[in-house]
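Engineer: Chains as they are written, first to last, in our numbering: chain A, 276 to 374; chain B, 276 to 374. Glycine included, each C-beta is placed from N, C-alpha and C at the ideal position. Just passing along the structure, written as structure tokens.
Number of protein chains: 2
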Amino acid sequence: MKKIISKLNKAFDNKVRLGIMSMLMVNEWVDFKTLKEMLDLTDGRLASHIKSLEENKFIQVKKEFVGRKPLTSYSATVEGKKAFKDHLDGLEALLNIQH
Amino acid sequence: MKKIISKLNKAFDNKVRLGIMSMLMVNEWVDFKTLKEMLDLTDGRLASHIKSLEENKFIQVKKEFVGRKPLTSYSATVEGKKAFKDHLDGLEALLNIQH
DNA sequence: TAAAAGTACTTTGAATTACAAAGTTAATCA
DNA sequence: TGATTAACTTTGTAATTCAAAGTACTTTTA
């Protein structure tokens, strides 16, 4: 039990960050607006969670213009993918001991 | 994605509470000391998380004497089991979309 | 019989986290 | 010119988390 619990990463205990990382594991790049809509968040709330994931070096950012509009996109770093996978391993182990 | 995320319950975002509930899904009654050892916690930390789960009516308490020593045990309420199951369903759905 | 240890907490205080609401910048569209 | 879009940042408040210390009562040990 101690072993399982220790796999869980504090950076991913919040459901917004869990959702962001989940999106970025499945899609290489996801833009701000899509994340916002998929997770049903306000700008500020999304931005603050993105910031904390960036500070942990779990995601990276790309800014470009498409047509004439700015487009900010995010992707999980190698480090972020690894950390998230470890976290999911912990969750999976927890699911497995239920029943 | 919104649907998955909405299944996750704030009461279980902390890994200590995740661990406590997990123990109580698998074992009908677990005592204070065992929880403390299994989760590697200080008395105070365990007690505070237990308190929050009790306030949510997710666990119930039983106090007795065994031999001459006090023994406090906890078990998940029906409500607690349901809430935790829903949370695990959410986590499982999240695991499933990771490829 | 005095001191130490066991059981199960509670209290305090400080740090961190979370969030809503409002403000910002710079461009574009009507 | 005024509204809208895109992507934030700032502010302030509330909630959460935790370590550390304190409490109460009993039992064991020297």
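1) By the 10 Å Cβ neighbour count, where 16 or more other Cβ atoms means buried, how is I295 (chain B) classified, buried or exposed?
2) Could you compute how far the alpha carbon of F287 (chain A) sits from the alpha carbon of M313 (chain B)?
3) Could you name the residues of the same chain whose beta carbon sits closer than 8 Å to that of D361 (chain B), not counting the 5 residues immediately before and after it, in chain order?
4) Relative to the ligand FAD, is the shortest distance from any of its heavy atoms to the C-beta of V291 (chain B) smaller than 7 Å?
5) Is the Cβ-Cβ distance between K338 (chain B) and T352 (chain B) less than 8 Å?
6) Give the C-beta separation of E330 (chain B) and V336 (chain B) to the nearest angstrom, bearing in mind that I take them to be a contact with Cβ-Cβ under 8 Å.
7) Would a check of beta-carbon distances place I372 (chain B) closer than 8 Å to chain A?
8) Give a yes or no on whether the minimum CB-CB distance between S323 (chain A) and chain B is below 8 Å.
9) Listing by chain order, which chain A residues have their CB less than 7 Å from the CB of L240 (chain B)?
10) Counting only Cβ pairs nearer than 9 Å, list the residues of chain A close to S297 (chain B).
11) Out of curiosity, what's the CA-to-CA distance linking R343 (chain A) and S350 (chain B)?
12) Anything in chain A within Cβ reach of V353 (chain B), meaning under 9 Å, just list it in chain order.
13) Buried or exposed: which applies to A358 (chain A), given that a residue is buried once 16 or more other Cβ atoms fall within 10 Å of its Cβ?
14) Please name the residue or residues paired with T347 (chain B) in a DSSP beta bridge.
15) Confirm, please, whether the CB-CB distance from L366 (chain B) to L321 (chain A) is below 8 Å.
16) My understanding is that K356 (chain B) touches M300 (chain B), with C-beta atoms under 8 Å, so please give their C-beta distance in whole angstroms.
17) Quick one, which of B:W304, B:L310, B:I280 has its alpha-carbon nearest I280 (chain A)'s?
18) Quick check on DSSP: helix, strand or coil for D306 (chain B)?
19) Since L363 (chain A) contacts Q373 (chain B) with CB under 8 Å, what's their CB separation in whole angstroms?
20) When you compare only the Cα positions, how much space is there between E354 (chain A) and T347 (chain B)?
21) Whole-angstrom Cβ separation of K277 (chain B) and D315 (chain A), contact assumed at under 8 Å?
Structural biologist: Based on what the coordinates show:
1) Working through the second sequence from its first residue, we reach residue 295 (chain B) at position 20. Label assigned to I295 (chain B): buried.
2) Here residue 287 (chain A) corresponds to residue number 12 of the first sequence, with the count starting at 1. Here residue 313 (chain B) corresponds to residue number 38 of the second sequence, with the count starting at 1. Using only the alpha carbons, I get a separation of about 22 Å.
3) Counted from its first residue, the second sequence places residue 361 (chain B) at position 86. Answer for D361 (chain B): K282, N284, listed in chain order.
4) Here there are no bound small molecules, and the ligand FAD is not part of this structure.
5) As a working mapping, residue 338 (chain B) is identified with position 63 in the second sequence. As a working mapping, residue 352 (chain B) is identified with position 77 in the second sequence. It is not a contact, given that the beta carbons lie outside the stated cut-off.
6) Along the second sequence, read from residue 1 onward, the residue named residue 330 (chain B) stands at position 55. Along the second sequence, read from residue 1 onward, the residue named residue 336 (chain B) stands at position 61. No, E330 (chain B) and V336 (chain B) are not in contact; Cβ-Cβ is about 12 Å, not under 8 Å.
7) As a working mapping, residue 372 (chain B) is identified with position 97 in the second sequence. Yes, I372 (chain B) lies at the interface with chain A (some Cβ there is under 8 Å from its Cβ).
8) What you label residue 323 (chain A) is simply residue 48 of the first sequence in a count that begins at 1. Among the residues facing chain B, S323 (chain A) is not included, as its CB has no counterpart in that chain under 8 Å away.
9) Past the edges of chain B, shown from 276 to 374, lies residue 240 (chain B), and the structure says nothing about it.
10) Translated into positions along the second sequence, residue 297 (chain B) becomes position 22. Scanning chain A for C-beta atoms nearer than 9 Å to the C-beta of S297 (chain B) yields M276, I279, I280, L369, I372, Q373, reported in chain order.
11) By 1-based counting over the first sequence, the position of residue 343 (chain A) is 68. By 1-based counting over the second sequence, the position of residue 350 (chain B) is 75. If I take the Cα positions, the gap works out to 59 Å.
12) Within the second sequence, the letter at position 78 stands for residue 353 (chain B). By Cβ distance, chain A contributes nothing, its closest Cβ being about 16 Å from V353 (chain B), past 9 Å.
13) On the first sequence, residue 358 (chain A) is found 83 positions in, with the first residue counted as 1. The residue in question, A358 (chain A), is buried, as its Cβ has 16 or more Cβ neighbours within 10 Å.
14) What you label residue 347 (chain B) is simply residue 72 of the second sequence in a count that begins at 1. The partner list for T347 (chain B) (beta bridge, DSSP) reads B:K338.
15) As a working mapping, residue 321 (chain A) is identified with position 46 in the first sequence. As a working mapping, residue 366 (chain B) is identified with position 91 in the second sequence. Not in contact: L321 (chain A) and L366 (chain B) (Cβ atoms no closer than 8 Å).
16) Residue numbering aside, residue 356 (chain B) sits at position 81 when the second sequence is read from its first letter. Residue numbering aside, residue 300 (chain B) sits at position 25 when the second sequence is read from its first letter. Confirmed, about 7 Å.
17) In the first sequence, the residue the question calls residue 280 (chain A) occupies position 5. For I280 (chain A), the nearest C-alpha among the options comes from B:L310.
18) As a first step, residue 306 (chain B) must be located in the second sequence, where it is residue number 31. Here D306 (chain B) sits in strand by DSSP.
19) Here residue 363 (chain A) corresponds to residue number 88 of the first sequence, with the count starting at 1. Here residue 373 (chain B) corresponds to residue number 98 of the second sequence, with the count starting at 1. Taking a contact as a CB-CB distance under 8 Å, the pair L363 (chain A) and Q373 (chain B) counts as one, their CB atoms being some 6 Å apart.
20) Locating residue 354 (chain A) in the first sequence gives position 79, counting from the first residue. Locating residue 347 (chain B) in the second sequence gives position 72, counting from the first residue. Their backbone Cα atoms lie some 43 Å apart in a straight line.
21) The count along the second sequence starts at 1 and reaches residue 277 (chain B) at position 2. The count along the first sequence starts at 1 and reaches residue 315 (chain A) at position 40. 5 Å between Cβ atoms; contact.
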